[in-house]
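Residue numbers (this note's numbering), protein chains in the order written: chain P, 427 to 688; chain F, 1181 to 1370; chain L, 1181 to 1370. No residue lacks a Cβ here, since even glycine has one placed at the ideal position from N, Cα and C.
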């Protein structure tokens, strides 16, 4: 059965006196030193790796001793240790005491190594510590790689025009008319529609300077209905004082033009 | 060490802004720093390499710049295309009144709607090419008369204004709702 | 019309960020829109064109990206006075745990690292857009579950989480004797 000194001797056979040298840190650098450890697991890994120890066969007594030595150094500097370091110290002490306890040979294989959980956690932490180092080594934007870009050609960011359906337009009209009817008695009638369109067409066609012969406005190709619509449009335009009608003498051609500025 | 021109290419692409000859020279350690003539020659080579490609090298006030040629604007501009917006109720009502009551003045629209019509709405409709001023009413102030355009009819797939749904149908609100719903449904399912 | 590959080149350069196949396809009007296979072929052609040049085409999580290869960092990084920031070990270890073990709670990260995880670190990772809360564990307190984002992959030049370097194998304590012996032997002989 192993005892503490045998464990020490079996691994690497390093003299114990070397250990404090490993651990020696100039007092003023202590704080900086602590900063470099990401907690007790990291510190333990440091002690193990520094001495080339096998993580699966940690000389628990020796490593516990080194760990405690480190904590004592910190305390001597009145450095406030994070609670995790103290929790680990207690745990190490417990593992050490169980490890040193003589075990019955029969139970040996079945009994779990008291270091097992520590080894598991150290390995688990170490693999992510490595993963973090590898992540840091991956080529990344802004340090190793740079997005390639060229100035875009001048193009006004096109914003597509909103879509409108006829149904929406009707709904809007309905809403407006309903509101209007509640207030007054505006009437917008269907039959005026084609006349209204013709009114727009006439307004666009005529101007305020030149006279146009009235008969030119009628397009026989449109048939009788077309002529009637045009005629009604002209009458409506006159009624709305948008058009003026001129006839120099009876039965002479009738001329129309838009009502001018004056 | 990569070719000088590819180092310059890399720097110009990473910078995304014009780089002067001085800044390009400063990328190199002194012992390997190219002469200005060498830089110019390498830039000329690069410019030639880009012929027929989706980028070009031009000399501007600030130095040398990589840019996407204007010929590609048609496709590239799609990168920043925004989602189409929606028109406000006020705009739609204004458009509907102009369509059904043209020629109509702004004042008349306001009278029916019971609220002011903003200039922005009329501007938007004009820019869209759906309405235009077709005359002026001969009353004090000579207000503009609005009417719809050919583009308006085209957009709504109408041959004439007469094909606008008759107002009488509007009275039957329920049927209109049903119709609007079914036409929307058809559009979605097609 | 310019060649498909040069249109893609122009768009990727103008974007300066990864573009998915969908976004590349959307640059084209429907009648001229290339098939996905044609897009892929054009991208492969582009990638080949850039061999030996100051730019490369890579596929990352967010799509296809044109970038300056790492071999040019030595010169290109001189463009900026400020050196890119270094990340603390605490931040990198936290990020690694989230990347490899997602979804993971803060408590689980702390358990593996053996120390508390500062809120500042999680905040920084969130602000960089590399991690996000992807749910809550159904245990008392409903702690947040963290995962990495597409931006994280883009930043580290990865297409999927599967491209992360493999984690070290965990060794079993039972294999102790045999393994310890052989590793000792190797170490001595090397």
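Any chain P beta carbon closer than 8 Å to residue 1197 (chain L): By one-based count along the third chain, residue 1197 (chain L) stands at place 17. In terms of beta-carbon proximity, residue 1197 (chain L) lines the interface with chain P, with at least one pair separated by less than 8 Å.
Residue 1240 (chain L) and residue 1351 (chain L) closer than 8 Å at C-beta: Residue 1240 (chain L) sits at position 60 when you count from the first residue of the third chain. Residue 1351 (chain L) sits at position 171 when you count from the first residue of the third chain. No. Outside cutoff.
Host beta strand (DSSP E) of residue 1324 (chain L) (start-end): Walking along the third chain from the start, residue 1324 (chain L) turns up at place 144. 1324–1328 is the span of the beta strand (DSSP E), which, as asked, contains residue 1324 (chain L).
Supposed contact pair residue 1301 (chain F) and residue 1328 (chain F) - C-beta distance, whole angstroms, cut 8 Å: Against the second chain, residue 1328 (chain F) aligns to sequence position 148. Against the second chain, residue 1301 (chain F) aligns to sequence position 121. About 14 Å separates the two Cβ atoms, so there is no contact after all.
Neighbour list for residue 1189 (chain L) in chain F, Cβ cutoff strictly below 8 Å: The residue given as residue 1189 (chain L) occupies position 9 in the third chain. Those are 1233, 1234 and 1235, listed as they occur along chain F.
Within chain P, the residues that residue 1336 (chain L) reaches when beta carbons sit closer than 9 Å: Against the third chain, residue 1336 (chain L) aligns to sequence position 156. Taking a Cβ-Cβ cut-off of 9 Å, the neighbours of residue 1336 (chain L) in chain P comprise 561, 564, 565, 566 and 567, given in sequence order.
Contained alpha helix (DSSP H) runs [length at least 4] in the segment 1283–1347 of chain F, N- to C-terminal order: If we require 4 residues or more, the alpha helix (DSSP H) runs fully inside the segment 1283–1347 of chain F come out as 1286–1293, 1299–1307 and 1330–1335.
CB contact below 8 Å: residue 1245 (chain F) versus chain L: As a first step, residue 1245 (chain F) must be located in the second chain, where it is residue number 65. The Cβ of residue 1245 (chain F) sits no closer than 8 Å to any Cβ of chain L.
Amino acids of chain F, ordered along the chain, whose beta-carbon sits closer than 7 Å to that of residue 512 (chain P): Locating residue 512 (chain P) in the first chain gives position 86, counting from the first residue. Near residue 512 (chain P) there are no residues of chain F at all, since even the closest Cβ is about 50 Å away, more than 7 Å.
Cβ pair count under 8 Å reaching 3, the segment 588–608 of chain P against the segment 1206–1218 of chain L: no
The segment 566–576 of chain P in contact with the segment 1243–1252 of chain L per 3-pair CB rule at 8 Å: yes
Distance between residue 511 (chain P) and residue 1293 (chain L) (C-alpha atoms, nearest Å): As a working mapping, residue 1293 (chain L) is identified with position 113 in the third chain. As a working mapping, residue 511 (chain P) is identified with position 85 in the first chain. Taking the straight line joining both Cα atoms gives about 12 Å.
Backbone CA spacing between residue 474 (chain P) and residue 495 (chain P) [nearest angstrom]: Here residue 474 (chain P) corresponds to residue number 48 of the first chain, with the count starting at 1. Here residue 495 (chain P) corresponds to residue number 69 of the first chain, with the count starting at 1. Residue 495 (chain P) has its alpha-carbon roughly 15 Å from the corresponding atom of residue 474 (chain P).
Beta-carbon contacts of residue 1234 (chain F) that lie in its chain and below 7 Å, excluding the five residues immediately before and after: Counting from 1 along the second chain, the entry for residue 1234 (chain F) is found at position 54. Shown here for residue 1234 (chain F): same chain residues with a beta carbon closer than 7 Å to its own, the five before and five after excluded, namely 1248 and 1252 in chain order.
Segment contact flag, the segment 1191–1205 of chain L with the segment 653–663 of chain P, C-beta cutoff 8 Å, min 3 pairs: no
Residue range of the beta strand (DSSP E) that includes residue 682 (chain P): Position 256 of the first chain holds residue 682 (chain P). Run containing residue 682 (chain P): 681–684, per the beta strand (DSSP E) assignment.
Residue-level contact to chain L via CB, residue 1211 (chain F), 8 Å cutoff: Position 31 of the second chain, counted from the first residue, corresponds to residue 1211 (chain F). Chain L, which has no Cβ nearer than 8 Å to the Cβ of residue 1211 (chain F), makes this no.
At least 3 beta-carbon pairs within less than 8 Å: the segment 552–559 of chain P vs the segment 1332–1349 of chain L: yes
Distance, residue 567 (chain P) Cα to residue 1333 (chain L) Cα: Within the third chain, the letter at position 153 stands for residue 1333 (chain L). Within the first chain, the letter at position 141 stands for residue 567 (chain P). When rounded, the distance between both Cα atoms is 11 Å.
Cβ neighbour criterion (16 or more within 10 Å) applied to residue 1187 (chain L): Looking up residue 1187 (chain L) in the third chain gives position 7. Buried.
Buried or exposed by the 16-neighbour rule on C-beta atoms within 10 Å, applied to residue 624 (chain P): Here residue 624 (chain P) corresponds to residue number 198 of the first chain, with the count starting at 1. That one is buried.
Endpoints, the alpha helix (DSSP H) within which residue 1256 (chain L) is located: Mapped onto the third chain, residue 1256 (chain L) falls at position 76. First-last of the alpha helix (DSSP H) with residue 1256 (chain L): 1253–1256.
Length of the line joining the Cα atoms of residue 1297 (chain F) and residue 1326 (chain F): For the purposes of this step, residue 1297 (chain F) is taken as residue 117 along the second chain, with counting starting at 1. For the purposes of this step, residue 1326 (chain F) is taken as residue 146 along the second chain, with counting starting at 1. The alpha-carbon atoms of residue 1297 (chain F) and residue 1326 (chain F) are separated by roughly 13 Å.
Contact with chain P by residue 1267 (chain L), beta-carbon distance below 8 Å: Here the question's residue 1267 (chain L) lines up with position 87 in the third chain. At least one chain P Cβ lies under 8 Å of residue 1267 (chain L).
Other residues of its chain near residue 672 (chain P): CB distance less than 6 Å, five sequence neighbours each side excluded: Counting from 1 along the first chain, the entry for residue 672 (chain P) is found at position 246. Closer than 6 Å at Cβ, skipping near neighbours: 681.
C-beta neighbour in chain L for residue 637 (chain P), strict 8 Å: In the first chain, counting from the first residue as 1, residue 637 (chain P) sits at position 211. No, because no Cβ of chain L sits closer than 8 Å to the Cβ of residue 637 (chain P).
Proximal residues, the segment 1244–1263 of chain L versus chain F, C-beta separation under 7 Å: 1248, 1251, 1252, 1255, 1256, 1258 and 1259
Closer than 9 Å at the beta carbon, the chain F residues around residue 697 (chain P): Residue 697 (chain P) lies beyond the residue range present for chain P, which begins at 427 and ends at 688; the question has no answer from this structure.
Near-chain F residues of the segment 641–654 of chain P (beta-carbon distance less than 9 Å), N- to C-terminal order: For the segment 641–654 of chain P, which is checked against every Cβ of chain F, not one residue is closer than 9 Å.
8 Å contact criterion, which residue 1343 (chain L) and residue 558 (chain P) should meet: CB distance rounded: Mapped onto the third chain, residue 1343 (chain L) falls at position 163. Mapped onto the first chain, residue 558 (chain P) falls at position 132. Going by Cβ atoms, the distance from residue 1343 (chain L) to residue 558 (chain P) rounds to 17 Å, so no, they are not a contact pair.
Presumed contact (8 Å Cβ cut-off) between residue 517 (chain P) and residue 541 (chain P), rounded CB distance: Counted from its first residue, the first chain places residue 517 (chain P) at position 91. Counted from its first residue, the first chain places residue 541 (chain P) at position 115. About 11 Å separates the two Cβ atoms, so there is no contact after all.
Residue of F:1265, F:1190 and F:1331 minimising C-alpha distance to residue 1230 (chain L): To locate residue 1230 (chain L), count along the third chain from 1; it is residue 50. Residue F:1190 is the option with its Cα nearest to residue 1230 (chain L).
Within 9 Å of chain F by C-beta, residues of the segment 590–603 of chain P in sequence order: 590, 591, 592, 593, 594, 595, 596, 597, 598, 599, 600, 601, 602 and 603
8 Å Cβ cutoff met for residue 1219 (chain F) and residue 1205 (chain F): As a working note, residue 1219 (chain F) is residue 39 in the second chain. As a working note, residue 1205 (chain F) is residue 25 in the second chain. Yes, the Cβ-Cβ distance between residue 1219 (chain F) and residue 1205 (chain F) is below 8 Å.
Sheet register partners of residue 572 (chain P) (DSSP bridge): The residue labelled residue 572 (chain P) in the question sits at position 146 within the first chain. BP columns for residue 572 (chain P) point to L:1248.
Where residue 1275 (chain L) falls, given that 16 or more other Cβ within 10 Å makes a residue buried: Within the third chain, numbered from 1, the residue matching residue 1275 (chain L) stands at position 95. Buried, because 16 or more other Cβ atoms sit within 10 Å of the Cβ of residue 1275 (chain L).
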